[in-house]
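**Student:** Just passing along the structure, written as structure tokens.
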Amino acid sequence: MDILETAQSALTAILANRMRSFLTILGIVIGVTSVILLISLVSGLKTYITSQIEGLGSNLLIVIPGRIGGARSPGGIQANRLVYSDAVNLRNNLSDEAQVSAAIQRNVTLKFGNKTDKGAAVFGVEANYWKIITIKLTEGRFFRQSEQQSSKKMAVIGPTVKINLFGEGKALGQTIDVAGQKYTVIGILGPRGAVFGIDFDNSIYIPFQTAQRQFGIDRLNTIYISAGSADNVKDVQNKAISLLQKRLSEDEFTVQTQEQTLSIISQVTGVLTAALGGIAAISLIVGGIGIMNIMLVSVTERTREIGLRKAVGAKSKDIRNQFLIEAVVLSGLGGIIGIILGIGISLIIGRFFTTTVPLWSVALSFGFSMLVGVIFGVAPAIRAAKLDPIEALRHE
Amino acid sequence: MKQSLLVKLSRINKIYHTGEIALQALKDISLEVRKGEFVAIIGASGSGKSTLMNIIGLLDHPTSGKYELDGQDSSHLKEDTLAQIRNKKIGFVFQSFNLLPRTTAMDNVAIPLIYAGLSRSERMDRAKQALEQVGLDDKLASHPNQLSGGQQQRVAIARALVNNPGIILADEPTGNLDTKSGSEIMRIFERFHKLGKTIIMITHEDDIAKHAKRVIRMKDGQIWTS
Ligand SMILES: Nc1ncnc2c1ncn2[C@@H]1O[C@H](COP(=O)(O)OP(=O)(O)OP(=O)(O)O)[C@@H](O)[C@H]1O
Ligand SMILES: [Mg+2]
Numbered sequence: 001m002d003i004l005e006t007a008q009s010a011l012t013a014i015l016a017n018r019m020r021s022f023l024t025i026l027g028i029v030i031g032v033t034s035v036i037l038l039i040s041l042v043s044g045l046k047t048y049i050t051s052q053i054e055g056l057g058s059n060l061l062i063v064i065p066g067r068i069g070g071a072r073s074p075g076g077i078q079a080n081r082l083v084y085s086d087a088v089n090l091r092n093n094l095s096d097e098a099q100v101s102a103a104i105q106r107n108v109t110l111k112f113g114n115k116t117d118k119g120a121a122v123f124g125v126e127a128n129y130w131k132i133i134t135i136k137l138t139e140g141r142f143f144r145q146s147e148q149q150s151s152k153k154m155a156v157i158g159p160t161v162k163i164n165l166f167g168e169g170k171a172l173g174q175t176i177d178v179a180g181q182k183y184t185v186i187g188i189l190g191p192r193g194a195v196f197g198i199d200f201d202n203s204i205y206i207p208f209q210t211a212q213r214q215f216g217i218d219r220l221n222t223i224y225i226s227a228g229s230a231d232n233v234k235d236v237q238n239k240a241i242s243l244l245q246k247r248l249s250e251d252e253f254t255v256q257t258q259e260q261t262l263s264i265i266s267q268v269t270g271v272l273t274a275a276l277g278g279i280a281a282i283s284l285i286v287g288g289i290g291i292m293n294i295m296l297v298s299v300t301e302r303t304r305e306i307g308l309r310k311a312v313g314a315k316s317k318d319i320r321n322q323f324l325i326e327a328v329v330l331s332g333l334g335g336i337i338g339i340i341l342g343i344g345i346s347l348i349i350g351r352f353f354t355t356t357v358p359l360w361s362v363a364l365s366f367g368f369s370m371l372v373g374v375i376f377g378v379a380p381a382i383r384a385a386k387l388d389p390i391e392a393l394r395h396e
Numbered sequence: 001m002k003q004s005l006l007v008k009l010s011r012i013n014k015i016y017h018t019g020e021i022a023l024q025a026l027k028d029i030s031l032e033v034r035k036g037e038f039v040a041i042i043g044a045s046g047s048g049k050s051t052l053m054n055i056i057g058l059l060d061h062p063t064s065g066k067y068e069l070d071g072q073d074s075s076h077l078k079e080d081t082l083a084q085i086r087n088k089k090i091g092f093v094f095q096s097f098n099l100l101p102r103t104t105a106m107d108n109v110a111i112p113l114i115y116a117g118l119s120r121s122e123r124m125d126r127a128k129q130a131l132e133q134v135g136l137d138d139k140l141a142s143h144p145n146q147l148s149g150g151q152q153q154r155v156a157i158a159r160a161l162v163n164n165p166g167i168i169l170a171d172e173p174t175g176n177l178d179t180k181s182g183s184e185i186m187r188i189f190e191r192f193h194k195l196g197k198t199i200i201m202i203t204h205e206d207d208i209a210k211h212a213k214r215v216i217r218m219k220d221g222q223i224w225t226s
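These protein sequence lines map, in sequence, to chains A and B.
Note that the UniProt record's numbering has the first sequence beginning at 1, numbered continuously upward.
Note that the UniProt record's numbering has the second sequence beginning at 1, numbered continuously upward.
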């Protein structure tokens, strides 16, 4: 009897004992379901963040205070020393292709009439910010360089702000209250979505100098740089670093390319995947113990069958394989059910949140569940194979 | 012309050790069975009949003595080789049938053929034939719990015969059956004996033993008359 046939008759035996088999493989089912589901969430998140970041604009570099990957993390104990003159320095000395915009940020309350929008982000940016970051307007326009430099009180608002303050009403040309000062709405942005609960659409953009003046900030949150073309990114990065180092020490700033940002995201999701995978693996092992348990019971229950089979010519390895294959079929079945459930649930979640089920996660969890069957099926199978036929036949 | 020797036991002893106590189940048994014989072994409970049968059937090893089956000394054979010989040369019939539950008569009969390495279609063909030979061609798909005791034992006989062994070993084949089913089983044995099968059968009852052509009496692990 070949493996396929043995597996088939094992399946028959398993189906004959439906309830018990189901309870036995429940651990595996839950383990595999959670592996598939968690990986689909994390990789969905990664896909989403990646597309968001890539959507920001090509050839983007950002300068942020502090050091990433060093002993001190950005925004840590180190005081922020990044100021507007650094942005000007970069603008004047980088190649002509490069675009530079300083940016500061505050979270404030916005008001229009009796409507308020709490916790909206206000970005003070320069007029060429729009040449660096790809954001589409649905209405109106961005502010110009002259308007930026003369500290005009103008605002380009995100779609969430628009909904919060104006609902379906007209927003363009209206005057809104930004932390106590009046701004005219000149543009409305298209939707961009949210990552990690941060809603990029609940934000407004005002001229840099206006923001500096109103909030009294001279430290920058970010300097955005567009390298102009992909070939230039590395050059621009090196040039920017050497320019900034004339005034700042090396752990006071980081110049990061998009590629580096993406690799950090990759690392984070990698760690997340590994951690979740570890937890899921534990539940698979628990499931494996369940299988071992039931296989031991099964060996005891079927002692006479084992005796009979040996009496009529089964070798030890025939008996061992029979029980091993049964354990693997059992755990593999749990794996398949888990995969179906995992994909199903992730499809349902996918209606609200990006999920992707990578093929490798399906292969991995199926392979792992089979492996669990082998590992935890070996001991009962060996016990069965070792039984003495006479004793086994005499078993009540 | 004398038929060739099939079973040759020479000075077989079997001692069981349970804790401190040693029990000699077989004492110096020497016995020869020729091809085509129908032998009954009769004796009181505990006299060592099953022990002897297990040794003849290569399920158990004697403590001492020599056993040759079909001219082959079995004393130094490995477990797997013994399993193979059982598969080819011996058909077992047990008092308690030992059919697999939730398994059709046909699949039960086909079990020895699995280990003979036959394909599924061959197994099914031969299992069907064997069941026809014991008059159960209408019960191919029945499960043991749908069959009477006598029918179950006939399935077990079909299983014993399916791989065409030279010898059938039956340990109290009628022990769990009423007189009518018992004599049915005996008729089947007589028929196979006439077809040339060697049969060694254990029984308690003289009525059953008289179907055999030769009766061996056992007492306290020894053979009395042969
Ligand atoms: N595995 C064993 N361990 C210890 N003693 C055993 C074992 N098997 C059999 N015996 C003993 O050996 C003796 C012979 O047993 P055996 O089963 O051969 O008797 P039997 O003639 O078949 O009896 P019955 O007619 O009741 O089946 C008995 O005293 C029994 O208790
Ligand atoms: Mg007995």
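In this text, a Cβ means the ideal position worked out from N, Cα and C, and glycines have one as well.
1. Against leucine 100/B, what residues of chain A qualify as contacts under a CB-to-CB distance less than 8 angstroms, listed in chain order?
2. So who's on the other strand from serine 64/B, going by DSSP bridges?
3. Tell me, please, whether the CB atom of phenylalanine 97/B is closer than 7 angstroms to any CB atom in chain A?
4. Is it true that the CB of tyrosine 205/A sits closer than 7 angstroms to the CB of isoleucine 132/A?
5. What residue from Ser47/B, Asn54/B and Tyr115/B has the CA that sits closest to aspartate 171/B's CA?
6. Just to confirm the assignment, what range does the alpha helix (DSSP H) spanning valine 35/A have?
7. Does the stretch 98–105 of chain A come within contact of the stretch 119–129 of chain A, defined as at least 3 CB pairs closer than 8 angstroms?
8. Proline 101/B: buried (16+ other C-beta within 10 angstroms of its C-beta) or exposed?
9. Identify each residue in the stretch 47–77 of chain B for which the Cβ-Cβ distance to at least one residue of chain A is less than 8 angstroms, and report them in chain order.
10. Would you list the residues sitting across from alanine 102/A in a DSSP beta bridge?
11. Taking 7 angstroms as the threshold (beta carbon to beta carbon), is lysine 315/A in contact with chain B?
12. In terms of DSSP beta bridges, what is alanine 170/B paired with?
13. If we cut at 7 angstroms on Cβ distances, does alanine 311/A have a partner in chain B?
14. Under 7 angstroms between C-beta atoms, does isoleucine 14/A make it to chain B?
15. How close, in whole Å, do the beta carbons of isoleucine 186/A and arginine 141/A come, if the pair is a contact with beta carbons under 8 angstroms?
16. Any chance the CB of threonine 174/B is under 6 angstroms from a heavy atom of ligand 1?
17. Comparing the CB of leucine 393/A with every heavy atom of ligand 1, is any distance shorter than 6 angstroms?
18. Would you list the one or two residues that DSSP bridges to phenylalanine 123/A?
19. Considering only their Cβ atoms, is the gap separating alanine 392/A from arginine 320/A smaller than 7 angstroms?
20. Which whole-angstrom value is the C-beta distance of glycine 32/A and leucine 110/A, which I expect to be below 8 angstroms?
21. Just how far apart, CA to CA, sit serine 181/B and alanine 281/A?
22. Pop quiz: glutamine 258/A and leucine 94/A are said to be a contact at Cβ under 8 angstroms. What is the actual Cβ separation, rounded to whole angstroms?
23. Is the stretch 29–46 of chain B touching the stretch 75–91 of chain B in the sense that three or more CB pairs, one from each, lie closer than 8 angstroms?
24. Do asparagine 107/A and residue 408/A have their beta-carbon atoms positioned less than 7 angstroms apart in this structure?
25. I want to check one thing, is the minimum distance from the CB of glycine 48/B to the heavy atoms of ligand 1 below 6 angstroms?
26. Would you mind telling me which residues of chain A sit closer than 9 angstroms to residue 242/B, beta carbon to beta carbon, in chain order?
27. Quick one: does proline 358/A have its CB under 7 angstroms from some CB of chain B?
28. Valine 299/A and arginine 383/A - do their beta-carbons sit closer together than 7 angstroms?
29. Please return the same chain residues whose Cβ sits closer than 7 angstroms to the Cβ of serine 10/B, not counting the five positions on each side in sequence.
30. Check whether the Cβ atoms of isoleucine 36/A and serine 369/A lie closer than 7 angstroms to each other.
31. Touch check for the stretch 209–220 of chain A and the stretch 231–245 of chain A: three-plus C-beta pairs under 8 angstroms?
32. Out of Gln95/B, Arg159/B and Ile90/B, point me to the one whose CA is closest to alanine 110/B's CA.
33. So, helix, strand or coil for threonine 300/A, using DSSP?
34. With a threshold of 6 angstroms (Cβ to nearest heavy atom), would serine 74/B be considered close to ligand 1?
35. Out of Ala327/A, Leu56/A, Gln145/A and Phe253/A, state which residue places its alpha-carbon closest to the alpha-carbon of alanine 10/A.
36. For the alpha helix (DSSP H) containing aspartate 28/B, name the first residue and the last one.
**Tutor:** Well, looking at it:
1. Chain A residues near leucine 100/B: Glu305 and Leu308.
2. Serine 64/B is bridged to Asn13/B.
3. no
4. no
5. Asn54/B
6. 18–55
7. yes
8. exposed
9. Flagged, chain order: Asn54, Gly57, Leu59 and Asp60.
10. Ile223/A, per the DSSP bridge assignment.
11. yes
12. Val93/B and Met201/B
13. yes
14. no
15. 6 angstroms
16. no
17. no
18. Gln105/A and Tyr205/A
19. no
20. The identity of residue 32/A in the sequence shown is valine, whereas the question assumes glycine. Their Cβ separation, rounded to whole angstroms, is 47 angstroms, which puts valine 32/A and leucine 110/A out of contact at 8 angstroms.
21. 57 angstroms
22. About 17 angstroms; that fails the 8 angstroms criterion.
23. no
24. Look at the range of chain A in this structure, 1 to 396, and you will see that residue 408/A is not part of it.
25. yes
26. Since the displayed chain B opens at 1 and closes at 226, residue 242/B lies outside it and no answer follows.
27. So no, proline 358/A is outside the interface.
28. yes
29. Ser30, Gly65 and Lys66
30. no
31. no
32. Arg159/B
33. helix
34. No; taking the cut-off as 6 angstroms, the Cβ of serine 74/B has no heavy atom of ligand 1 nearer than that.
35. Ala327/A
36. Careful: aspartate 28/B lies outside any alpha helix (DSSP H), inside the beta strand (DSSP E) at 21–34.
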